[in-house]
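Counting from 28, one number per residue, gives the positions in the sequence shown under this note's numbering. Glycine included, C-beta positions come from ideal geometry on N, C-alpha and C.
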Amino acid sequence: MAAIREDRLVDTAVALVEVPSPTCEAGAVADRLASLLVEDGFAVERPVAAWPTAPAVVTRLDGGAPGPTLQFDGHLDTVHLPFVPPRVEGGILHGSGASDMKGGVAAMCEATRALRDAGALTAGSILLTAHDHHEAPWGDGRQLEALIDEGYVGDAALLPEYLSDSLPIAGRGLAILKVTVRRDGEPVHEVLGGTEQPSVIAAGAELVRRFEQLDETLSHRKHPVAGRERIFVGSVQAGEMYNTAPTALTLDGTRRWIPGTSNADVQQELDDLVTQVARERGLPIELAFRPLRGAFELDPAHPVVAAFQHAHEAVVGAALPAGPKPLVDDGNTFSDRAGIPAITHGPRATGAHTVDEQAPVSELVRVARIYARTALSFCAGPTT
Ligand SMILES: [Zn+2]
28 MAAIREDRLV
38 DTAVALVEVP
48 SPTCEAGAVA
58 DRLASLLVED
68 GFAVERPVAA
78 WPTAPAVVTR
88 LDGGAPGPTL
98 QFDGHLDTVH
108 LPFVPPRVEG
118 GILHGSGASD
128 MKGGVAAMCE
138 ATRALRDAGA
148 LTAGSILLTA
158 HDHHEAPWGD
168 GRQLEALIDE
178 GYVGDAALLP
188 EYLSDSLPIA
198 GRGLAILKVT
208 VRRDGEPVHE
218 VLGGTEQPSV
228 IAAGAELVRR
238 FEQLDETLSH
248 RKHPVAGRER
258 IFVGSVQAGE
268 MYNTAPTALT
278 LDGTRRWIPG
288 TSNADVQQEL
298 DDLVTQVARE
308 RGLPIELAFR
318 PLRGAFELDP
328 AHPVVAAFQH
338 AHEAVVGAAL
348 PAGPKPLVDD
358 GNTFSDRAGI
368 PAITHGPRAT
378 GAHTVDEQAP
388 VSELVRVARI
398 YARTALSFCA
408 GPTT
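Here it is as structure tokens:
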């Protein structure tokens with residue numbers, strides 16, 4: 028614990044926040060992280076992992092004896108909002124990515140350095156990975172998926188996103204929907220033939236009604252922790268003015284589902300619904316279904332949970348209560364695609380997805396301590 032250095036952690040966080048990295052453009056900040064790690068004596072790999080604009084950053088710390096690998100994984104990209112440069116004021120780190128999640132990335136680096144400096148890791152290993160392409164709608168998660176497919180996967184993962192009050196054990200998968208209804212021809216004035224055209228607005232209304240019925244059905248698909256499945260419509264766009272028949276309607280929304288339901292099931296259900304409405308209305312309807320992350324589940328009996336809870340207790344004084352994961356994050360990808368347990372736990376920070384991101388330095392230090400302690404007990408345990 029003494030090997031965790033607040034000054035070094037803060038310097039790293041500032042060095043990362045300083046380099047703007049909107050999603051899909053995190054190349055420069057990945058270079059910055061890589062050079063910081065190299066300067067600090069770590070061997071760094073830069074797998075392209077499906078995103079040549081910003082090769083990922085990977086480093087390892089080997090305990091010298093066989094044992095499980097604990098992965099620390101973070102994203103280096105930030106949402107597309109005006110850039111705010113870093114500053115530390117009154118013990119709080121401000122700036123783009125301070126809470127989501129460069130502060131957390133700096134904390135996981137510091138945990139790794141401290142374990143190295145103290146020579147504390149005597150078995151197993153740490154695999155540290157950092158990447159781009161996380162934030163939707165700009166990114167589609169492809170870089171982490173490629174890292175997983177290429178084998179950059181530990182036996183369990185910790186992700187320093189800004190959740191800190193509970194241990195997320197279940198969460199819903201999420202897809203974004205865009206449904207487009209079109210008819211042939213041009214917009215037509217209502218009294219000059221507009222009412223003779225098939226109505227894209229009536230077809231859109233029918234879709235909204237069917238989605239509402241589907242949502243009622245989905246309300247019975249419940250998970251005790253993750254909550255219920257849902258279909259939600261957030262935007263409907265059609266028409267240019269009050270007395271002209273339009274040629275297109277678009278409807279945007281989300282679909283969330285619980286563990287046990289797959290992306291493919293959900294897509295099939297929607298395809299069927301849309302095909303039926305298209306047939307009834309005699310209009311082509313196109314469904315763009317974009318799964319962002321699958322559903323998430325964490326086995327509370329996995330050794331990484333005990334290791335994490337002991338660490339949390341040692342650092343904070345109590346274990347965390349189990350709870351839902353309200354958002355989707357890369358932990359869902361680890362759970363769904365890599366089949367490994369993933370714990371999302373990061374600083375109690377504010378302002379994610381706003382221009383006013385804030386992460387208390389004390390929280391970053393706390394996260395570094397918990398990560399280091401979790402590694403000590405998990406990596407010393409039996410290989411899972
Ligand atoms: Zn994030």
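Whether residue i touches residue j by CB criterion (9 Å)
i    : j    : result
A272 : Q224 : yes
V106 : P49  : yes
H161 : A81  : no
I175 : F361 : yes
V88  : V56  : The sequence shown places Leu at residue 88, not Val. No, the Cβ-Cβ distance between L88 and V56 is not below 9 Å.
H247 : A197 : no
I31  : A138 : yes
A386 : S126 : yes
E313 : R210 : no
G200 : N290 : yes
G101 : L194 : no
E324 : H121 : no
P214 : T277 : no
A202 : A305 : no
L64  : L204 : no
M28  : A399 : yes
D192 : T96  : no
Strand pairing of residue i, partner residues [DSSP]
i    : result
Q264 : T277
G198 : F323, K352
F99  : L155, L185
I175 : Note: I175 sits in no beta bridge, so no partner.
P49  : T105
H216 : T271
V392 : Answer is none; V392 lacks a bridge partner.
L335 : For the sequence presented, residue 335 should be read as Phe rather than Leu. Answer is none; F335 lacks a bridge partner.
T377 : Q385
K249 : R255
R282 : A202, I258
P318 : A202
Span of the alpha helix (DSSP H) around residue i
i    : result
E296 : 290-308
H107 : Neither: H107 is in no alpha helix (DSSP H) and is coded neither H nor E.
A346 : Looking at the DSSP string, A346 is not in any alpha helix (DSSP H), and its letter there is neither H nor E.
A147 : It is not in any alpha helix (DSSP H) - A147 carries neither H nor E in the DSSP assignment.
R54  : For the sequence presented, residue 54 should be read as Gly rather than Arg. It spans 54-66 - the alpha helix (DSSP H) in which G54 sits, taken as one unbroken run.
D357 : 357-360
First and last residue of the uninterrupted beta strand (DSSP E) at residue i
i    : result
E116 : 114-116
D89  : 84-89
L120 : 119-121
A386 : 385-387
T371 : 369-371
Reduced DSSP secondary structure (H/G/I, E/B, other) of residue i
i    : result
Q224 : coil
G254 : strand
E162 : coil
H329 : coil
R209 : strand
A29  : coil
V71  : strand
L190 : coil
I203 : strand
I312 : strand
R400 : helix
Cβ of residue i within 9 Å of any chain C Cβ
i    : result
P374 : No chain C appears in this structure, which consists of one protein chain only.
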